[in-house]
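Asker: Going letter by letter, the sequence shown gives residues 1 to 725 in UniProt numbering. No residue lacks a Cβ here, since even glycine has one placed at the ideal position from N, Cα and C. Since we're looking at a predicted model, the values are computed, not measured.
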Amino acid sequence: MSGPSIRIPGDLNIPTRFFGRFTPRDLIRISTPLILIWIQVSGSPLNLSTAVLLLLGAGVSTVWYGFRPYGKPLDNHLYHFLRWLYRQQTESEQPEINIEQECIVVGEETVVGYVEVEPTNLEMKTTAEQKALHNVYENLLNTVSYPVTIHSRQKQVDLSQYRRKILDNADDSTLRNDYLRYIDQFSENELTATTHIITVKTHQNSVQWLQQRLPEWLPIETESEVDVENLAEELNNRINEVIDAVNTADLSPEHVTGRELEELAREERLEPFQPTPTKSTTPAERGGTHQHPVIVSELPSQTELAWPHQLLQVDGQVDITQVIHPRSPAKTSKKLQRISEKLHAEIDSLLRQGHTGTNKLESLLEDTEWFLDLLADREAQPVDYAAYITAHHDEQEKARQTLEQVINRLETLQIRYQQPVLRTDQAYHTHNLLYSDQLDETWLVPTSSAAAGFPFATQNTDQDHGVIYGVDKNSQSPVLLDRFQWSSHSTARMGMVGSGKSYASKIELLRTWLAYQDTQIIIVDPKKEYRSITRLLNGETQVLKQSQEINPSDHSVVNYTVEDRGQEENKKLLVDAVREIYRSTSQNRRKTLVLIDEARILLNDDEGRNVLNQFVLEARDTNTAITLVTQNASHFTHHRKGREILDNIPAKIFMRHDRVPDSVSNYFDLSQREKQRLHELKTGTDAEYSEALVKITGKLDTQIEIQATSKEHATITAGNGGRSR
Numbered sequence: 001m002s003g004p005s006i007r008i009p010g011d012l013n014i015p016t017r018f019f020g021r022f023t024p025r026d027l028i029r030i031s032t033p034l035i036l037i038w039i040q041v042s043g044s045p046l047n048l049s050t051a052v053l054l055l056l057g058a059g060v061s062t063v064w065y066g067f068r069p070y071g072k073p074l075d076n077h078l079y080h081f082l083r084w085l086y087r088q089q090t091e092s093e094q095p096e097i098n099i100e101q102e103c104i105v106v107g108e109e110t111v112v113g114y115v116e117v118e119p120t121n122l123e124m125k126t127t128a129e130q131k132a133l134h135n136v137y138e139n140l141l142n143t144v145s146y147p148v149t150i151h152s153r154q155k156q157v158d159l160s161q162y163r164r165k166i167l168d169n170a171d172d173s174t175l176r177n178d179y180l181r182y183i184d185q186f187s188e189n190e191l192t193a194t195t196h197i198i199t200v201k202t203h204q205n206s207v208q209w210l211q212q213r214l215p216e217w218l219p220i221e222t223e224s225e226v227d228v229e230n231l232a233e234e235l236n237n238r239i240n241e242v243i244d245a246v247n248t249a250d251l252s253p254e255h256v257t258g259r260e261l262e263e264l265a266r267e268e269r270l271e272p273f274q275p276t277p278t279k280s281t282t283p284a285e286r287g288g289t290h291q292h293p294v295i296v297s298e299l300p301s302q303t304e305l306a307w308p309h310q311l312l313q314v315d316g317q318v319d320i321t322q323v324i325h326p327r328s329p330a331k332t333s334k335k336l337q338r339i340s341e342k343l344h345a346e347i348d349s350l351l352r353q354g355h356t357g358t359n360k361l362e363s364l365l366e367d368t369e370w371f372l373d374l375l376a377d378r379e380a381q382p383v384d385y386a387a388y389i390t391a392h393h394d395e396q397e398k399a400r401q402t403l404e405q406v407i408n409r410l411e412t413l414q415i416r417y418q419q420p421v422l423r424t425d426q427a428y429h430t431h432n433l434l435y436s437d438q439l440d441e442t443w444l445v446p447t448s449s450a451a452a453g454f455p456f457a458t459q460n461t462d463q464d465h466g467v468i469y470g471v472d473k474n475s476q477s478p479v480l481l482d483r484f485q486w487s488s489h490s491t492a493r494m495g496m497v498g499s500g501k502s503y504a505s506k507i508e509l510l511r512t513w514l515a516y517q518d519t520q521i522i523i524v525d526p527k528k529e530y531r532s533i534t535r536l537l538n539g540e541t542q543v544l545k546q547s548q549e550i551n552p553s554d555h556s557v558v559n560y561t562v563e564d565r566g567q568e569e570n571k572k573l574l575v576d577a578v579r580e581i582y583r584s585t586s587q588n589r590r591k592t593l594v595l596i597d598e599a600r601i602l603l604n605d606d607e608g609r610n611v612l613n614q615f616v617l618e619a620r621d622t623n624t625a626i627t628l629v630t631q632n633a634s635h636f637t638h639h640r641k642g643r644e645i646l647d648n649i650p651a652k653i654f655m656r657h658d659r660v661p662d663s664v665s666n667y668f669d670l671s672q673r674e675k676q677r678l679h680e681l682k683t684g685t686d687a688e689y690s691e692a693l694v695k696i697t698g699k700l701d702t703q704i705e706i707q708a709t710s711k712e713h714a715t716i717t718a719g720n721g722g723r724s725r
């Protein structure tokens with residue numbers, strides 16, 4: 001994915017350096033062993049043993065200063081080793097978890113709420129649209145005055161429940177068994193699905209915290225018990241603020257409540273775990289998993305928007321946690337002023353001494369001045385930002401392999417990182433949605449830079465019910481959709497002759513028959529292309545005639561066709577047939593799929609457009625899903641009534657187009673990139689699959705590959721003379 005680059009400042013936590021190299025801590029590391037040795041040998045005559053001791057002290061100083069395993073000095077590892085030993089000897093009591101309708105109470109002083117965000121597909125956006133999404137995310141970070149944590153969590157795609165439904169719904173047949181094998185392929189590939197959750201918390205203030213613990217020394221009049229109701233009310237205000245900031249045409253935030261919140265809490269309850277210096281493991285009997293944490297320590301000075309998306313695309317399961325702590329602009333400006341003065345002084349000192357290697361310091365000075373200008377112009381807010389990556393899997397070896405891929409990708413992206421050796425217990429808590437950041441590896445950046453970590457760039461589909469429409473071209477995950485769960489169940493499938501639209505429609509018919517129990521399928525077939533499908537599904541094909549009585553409710557599968565293609569009188573026959581189908585389906589609640597091929601015939605007729613518009617408008621109320629198939633999107637957009645029909649159709653599936661009129665690009669707001677892709681989509685004539693752009697309002701915007709199983713292909717081609725995919 002190629003997108004806009006975002007400027008990232010260097011690490012502005014700049015210690016004072018002596019001689020342009022040594023920090024005060026470095027001098028302590030170097031001098032402490034030498035001073036101790038000197039105290040030991042002072043007053044002793046200089047001899048071999050004294051010289052050996054001095055050399056030993058020099059060696060210890062050199063090692064202490066220069067040897068930095070995992071990028072950290074030895075004293076840092078010693079501190080965490082002692083902390084580690086202490087933790088091993090003590091069992092920390094986990095806080096009590098109480099689940100409310102809209103929040104979770106952790107312990108006595110913290111209330112936690114969650115917002116799940118349905119993401120967008122940045123691959124389908126122009127550079128200008130990607131910048132707009134960056135601005136949306138930056139606006140969120142500018143809006144909040146409290147810490148928020150954004151979790152991007154991956155799980156293996158689990159199609160087992162969907163497979164069981166197909167097994168239960170459909171009779172034993174070659175068609176069903178072939179589809180089951182197709183489903184099993186996705187499970188074997190261990191594909192992942194990503195969810196994005198914004199965590200918001202409220203805490204009891206520090207005065208109340210102290211009052212509870214030190215009542216005799218802190219006689220301040222305040223409530224002795226935490227008012228959870230007030231905390232929950234404040235949390236609700238914050239969550240609404242987050243939702244308002246994120247809610248756009250491309251992103252759909254939703255407050256996690258009720259049963260979904262209970263399920264999330266069960267998954268996130270802190271289970272007993274076994275930390276090692278570099279990873280943590282939960283016991284197998286508790287759904288064990290192996291976690292390898294990585295800390296992002298610095299990003300390149302120019303970082304591509306949505307850089308976490310690159311890591312979420314590696315083979316394996318990867319979670320990314322981004323922590324945002326707002327800071328006071330006034331205090332930050334003063335701090336940056338001091339840093340600027342320090343850098344000026346250090347650069348001048350080095351230049352006076354004849355040193356020329358000041359490029360890094362000058363770059364940091366430039367970053368500091370740029371940051372100050374942003375704050376002065378109120379173009380950004382200061383935040384403490386942290387990013388943590390967790391590679392995980394149920395199998396130890398696969399977790400290790402995922403870690404290696406993550407590290408390789410970080411190095412390719414020139415992102416600096418470190419592994420939290422002897423801190424995996426802290427990483428385990430930081431990774432959990434119920435707890436706060438215990439690693440505390442933040443660095444100071446403006447919100448524009450923090451927003452480079454735009455997380456909402458992966459898309460998922462259903463995993464339990466519906467029909468597999470194809471495979472996502474980017475993630476190679478199945479695009480499993482249940483159209484009967486949409487606000488309106490209808491779909492428009494558009495593509496030039498030979499683009500594969502009829503082939504794809506036939507695949508959907510066959511899979512719909514397998515996926516839903518007691519489903520009625522009605523086909524309007526002016527080209528006589530669906531007879532073999534109808535026969536396979538034990539349906540009946542009827543030739544439309546004048547004054548013919550049509551009663552689709554008599555059949556589970558029925559196909560209405562015409563006697564001779566291309567006749568003028570067919571238009572009235574088809575309009576009357578659709579009107580009768582509408583009348584019949586409106587009288588029952590049976591789940592029904594109505595496929596109207598060559599919909600252009602009706603769309604080019606005033607009466608036909610009126611019938612289709614009324615049918616689409618009311619179909620949802622009768623549990624009816626309509627698929628309109630036509631050669632070009634302009635058949636809809638050319639007429640006002642056609643545009644009204646599209647307004648009530650949430651799903652638009654674009655196959656290859658040889659031309660895209662301005663009326664089409666303007667109505668669908670197609671980007672230049674999308675228009676180009678419409679000309680380049682594969683049709684199946686020179687490949688094993690066809691391609692389509694799928695746009696479902698508020699749910700999906702992606703490119704898919706459409707491929708049939710061997711039995712589906714044989715069935716489809718048997719009825720059209722062996723036509724390609």
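(1) Tell whether a beta-carbon distance below 8 Å holds between Thr424 and Ser280.
(2) Starting from the C-beta of Gln520, find all residues in its chain whose C-beta is less than 6 Å away, skip the five residues before and the five after it, and write them out in chain order.
(3) Taking DSSP as the reference, what is the three-state secondary structure of Leu210?
(4) Counting along the chain, where does the beta strand (DSSP E) carrying Leu700 start and finish?
(5) Taking buried to mean at least 16 other C-beta atoms within 10 Å of its own C-beta, is Asn13 buried or exposed?
(6) Quick check: the segment 4-11 against the segment 364-375, are there 3 or more CB pairs under 8 Å?
(7) How big is the Cα-Cα spacing for Thr278 and Thr683?
(8) Bridge partners of Leu481, per DSSP?
(9) Check whether the segment 159-171 touches the segment 198-205, counting contact only when three or more Cβ pairs, one atom from each stretch, lie closer than 8 Å.
(10) Leaving out five residues on either side along the sequence, give the residues of the same chain with a beta carbon under 7 Å from the beta carbon of Glu580.
(11) Distance check for Gly466 and Lys711, CA to CA, integer angstroms please.
(12) The alpha helix (DSSP H) spanning Leu595 covers which residue range?
(13) Out of curiosity, what's the CA-to-CA distance linking Ala599 and Gly608?
(14) Could you give the residue range of the alpha helix (DSSP H) that holds Gly57?
(15) List, from N- to C-terminal side, the alpha helix (DSSP H) runs of 4 residues or more that fit wholly inside the segment 467-541.
(16) Would you kindly check if the distance between the Cβ of Leu574 and the Cβ of Ile533 is under 8 Å?
(17) Which whole-angstrom value describes the C-beta separation of Lys641 and Asn666, a residue pair presumed to lie in contact below a C-beta threshold of 8 Å?
(18) Roughly how many angstroms separate the alpha carbons of Asn236 and Gly113, rounded to a whole number?
(19) Quick one, are the C-beta atoms of Phe654 and Met496 less than 8 Å apart?
(20) Quick one: Cα of Thr202 to Cα of Ala245, how far?
(21) Keeping to the same chain, check which residues put their C-beta closer than 6 Å to that of Leu544; ignore five residues upstream and five downstream.
(22) Kindly indicate which residue of Ser173, Thr248, Gly354 has the alpha-carbon position closest to the one of Glu129.
(23) Closer than 6 Å by C-beta to Arg511: which residues in its own chain qualify, once you throw out the five before and the five after it? Chain order, please.
(24) If Ala387 and Gly316 are in contact, beta carbons under 8 Å, what's the gap, nearest whole angstrom?
(25) For the pair the segment 663-678 and the segment 138-145, tell me if three or more CB-CB distances fall below 8 Å.
(26) Hey, would you say Ser487 sits closer than 8 Å to Ile649, going by beta carbons?
(27) DSSP state of Asn237, grouped into three classes?
(28) If you follow the beta strand (DSSP E) that Val406 is in, where does it begin and where does it stop?
(29) Using CA atoms only, rank isn't needed, just tell me which of Thr282, Pro253, Pro275 is closest to Glu267.
(30) Roughly how many angstroms separate the alpha carbons of Thr458 and Glu138, rounded to a whole number?
(31) Should Glu691 and Gln707 be called a contact, given that it needs their Cβ atoms to be closer than 8 Å?
(32) Could you have a look at Gln546 and say whether DSSP puts it in helix, strand or coil?
(33) Could you name the residues of the same chain whose beta carbon sits closer than 6 Å to that of residue 726, not counting the 5 residues immediately before and after it, in chain order?
(34) Distance check for Leu305 and Lys334, CA to CA, integer angstroms please.
(35) Ignore the nearest five residues each way along the sequence and tell me which others in Arg213's own chain have a CB closer than 6 Å to its CB.
(36) From Val115 to Gln322, what does the alpha carbon distance come to, in whole angstroms?
Answerer: Per the coordinate set shown:
(1) yes
(2) Ser556, Arg590, Thr592
(3) A caution first: Leu210 carries a pLDDT of 39, below 50, which makes its placement in the model too unreliable to give a value.
(4) 700-706
(5) exposed
(6) yes
(7) 49 Å
(8) Val467
(9) no
(10) Ile550
(11) 20 Å
(12) Element bounds for Leu595: not the alpha helix (DSSP H) but the beta strand (DSSP E), 592-596.
(13) 9 Å
(14) 48-66
(15) 501-515, 531-536
(16) no
(17) That belief does not hold up - the Cβ atoms of Lys641 and Asn666 are roughly 17 Å apart, past 8 Å.
(18) 8 Å
(19) no
(20) 19 Å
(21) Tyr560, Val562, Leu573, Ala577
(22) Thr248
(23) Val467
(24) Rounded, the Cβ-Cβ distance is 18 Å, inconsistent with contact.
(25) no
(26) no
(27) helix
(28) Careful: Val406 lies outside any beta strand (DSSP E), inside the alpha helix (DSSP H) at 396-412.
(29) Thr282
(30) 18 Å
(31) no
(32) coil
(33) Absent from the structure is residue 726, since the part of the chain shown begins at 1 and ends at 725.
(34) 29 Å
(35) Caution is warranted here: a pLDDT of 44 is assigned to Arg213, below 50, making its placement in the model unreliable, and the coordinate value is therefore given only provisionally. Contacts found: none.
(36) 15 Å
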